[in-house]
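Residue numbers 441 to 754, in this note's numbering, belong to the letters of the sequence shown in order. We put the beta carbon where it would ideally sit given N, CA and C, even for glycine. From a predicted model like this one, the values you see are computed outputs, not experimental measurements.
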Amino acid sequence: MNHEELESINNVSTVIQFVLIGFSDLPNLQGFLFAVFSVVYIIILIGNFLIIIIISTDQALQKPMYFFLANFSSLEICYVSVTVPRILFNIGTQNRSISLMSCATQLCFFLVFGTTECLLLAVMSYDRYVAICNPLHYPLVMNPTKCTQLAAVSWLGGIPVQIGQTCQIFSMNFCNSYKINHFFCDIPPILTLACGNTSVHELSVYVVVMVVAAFPFILVLTSYSKIIATILRLPTAKGRGKAFSTCSSHLLVVLLFYGSATVTYLRPKSMHSPGTDKLLSLFYTIVTPMFNPLIYSLRNKEVIAALRKLILKK
């Protein structure tokens, strides 16, 4: 056995922790970045908690659409809490090391909540489809039991798949480096550290993405194609405007989330670059959750009315 082989085996056996490079290439902006991420995290928490409180306390919002919106806001809080606190810790302490187990745990939760978001967006589009295309059957189809079941499937559906995906990713040997050129443990930067041929692992990522992301996205597109066709057949412009306003917010969130996430995970490994991956990841992990409360509240008269009532009551 030659020196290079011994060194390779030694590298594989000693990779028990990684280093998240994050934004360390911007040393003069560390304080500014810490402030920005802190403010963004607070905005996300306050905005989504406010939506949950409004929907929970206002009797006028006890409808399936707002039940799913409250679930979505709860999900956004969980989703950003997987990544942002770690970013703040790394910037604040300048300690960027993360153990193999912590990295795997972060990736697993991130993938599970990402899958939940894909499924929940599909469920919300189905809710809008039934409300607009079959309004007479809406109370019967979207009854409380059905809504609870759909929400439970969204939250739990991705757990076995993503646990398996995480185990597969971390069953690889890492010998190229221990430095993850990203601000959290994500699949593309981790794959670049693996030894040997990773084509099988890349293929498994594509298959999982197609199942948990592309399939729900097709359901969303199918729902909205039928919704738009129904809206265009409405006799009055006022009716068309009201129907479209209930869907446009959700459609905007879908496009923001899927647009950046799809480009990240469906590009070949050879086309990945650390700078592009970080920028795209910022969109679907932080920017979109920050704008979601604004998109849903500012474009929804019922939410604004409930917020006014809550403020006046306080």
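- In the same chain as L547, and ignoring 5 residues on each side of it, the C-beta atoms closer than 6 Å to its own belong to T606, C625, in chain order.
- When the Cα atoms are used, T555 and G598 turn out to be separated by approximately 6 Å.
- Rounded to the nearest angstrom, the Cβ distance from Y506 to F553 is 21 Å, too far for a contact under 8 Å.
- With respect to the 8 Å criterion, L750 and I494 are classified as neighbours on the basis of their beta carbons.
- DSSP places Q589 within a helical segment (H, G or I) once states are collapsed to three.
- Every alpha helix (DSSP H) stretch that sits fully inside the stretch 467-523 and reaches 4 residues is listed by chain position as 470-497.
- When I531, K503, H622, G681 are compared, the shortest CA-CA separation from N468 is found for I531.
- Under DSSP, I620 forms a beta bridge with L460.
- For I517 against N488, the beta-carbon gap comes to about 5 Å, under 8 Å, which counts as contact.
- Setting aside the 5 residues that flank it on each side, L515 is surrounded in the same chain by F553, T556, E557, L560, each with a C-beta closer than 7 Å to its C-beta; the list follows chain order.
- Distances from the CA of L674 to each of A475, L490, I456, P575 were compared; the closest alpha carbon is that of P575.
- Counting every other CB atom within 10 Å of its CB across the protein chains shown gives R526 a total of 16 or more, marking it as buried.
- The beta-carbon separation of L590 and V563, rounded to 5 Å, stays under the 8 Å limit for a contact.
- Cβ atoms of M582 and P504 come within 8 Å of each other, at about 4 Å.
- Put simply, of F731, T588, F529, L691 the residue whose alpha carbon is nearest the alpha carbon of V459 is F529.
- Excluding residues up to 5 positions away in sequence, I735, Y736, R739, N740 lie with their Cβ nearer than 7 Å to the Cβ of S689 in the same chain.
- I538: member of the beta strand (DSSP E) spanning 537-539, first to last residue.
- Note on geometry: alpha-carbon atoms of A634 and C615 lie some 6 Å from one another.
- Between I726 and V479, the gap from beta carbon to beta carbon reaches 8 Å or more.
- Of Q499, V649, S565, the smallest CA-CA separation from V660 is found for S565.
- Between F623 and F474, the C-beta spacing is not below 8 Å.
- About 29 Å separates the Cβ atoms of I667 and R748, ruling out a contact at the 8 Å cut-off.
- Between I609 and I627, the beta carbon gap of about 6 Å places them in contact (Cβ cut-off 8 Å).
- Cα atoms of S537 and Q457: separation of roughly 7 Å, rounded to the nearest angstrom.
- Between C543 and V522, the alpha-carbon positions lie close to 11 Å from each other.
- Residue pairing of A669 in beta bridges, as defined by DSSP: absent, with no partner found.
- Residue pairing of A634 in beta bridges, as defined by DSSP: F614.
- Here D717 is buried: its Cβ has 16 or more other Cβ atoms, across all protein chains shown, within 10 Å.
- Here F472 is exposed: its Cβ has fewer than 16 other Cβ atoms, across all protein chains shown, within 10 Å.
- The beta carbon of Y618 sits closer than 8 Å to those of V455, Q457, F458, V459, L633, all from its chain and outside the five residues before and after it, given in chain order.
- Within the same chain, Cβ atoms closer than 6 Å to the Cβ of R680 are found at I671, L674, the five residues on either side in sequence being excluded.
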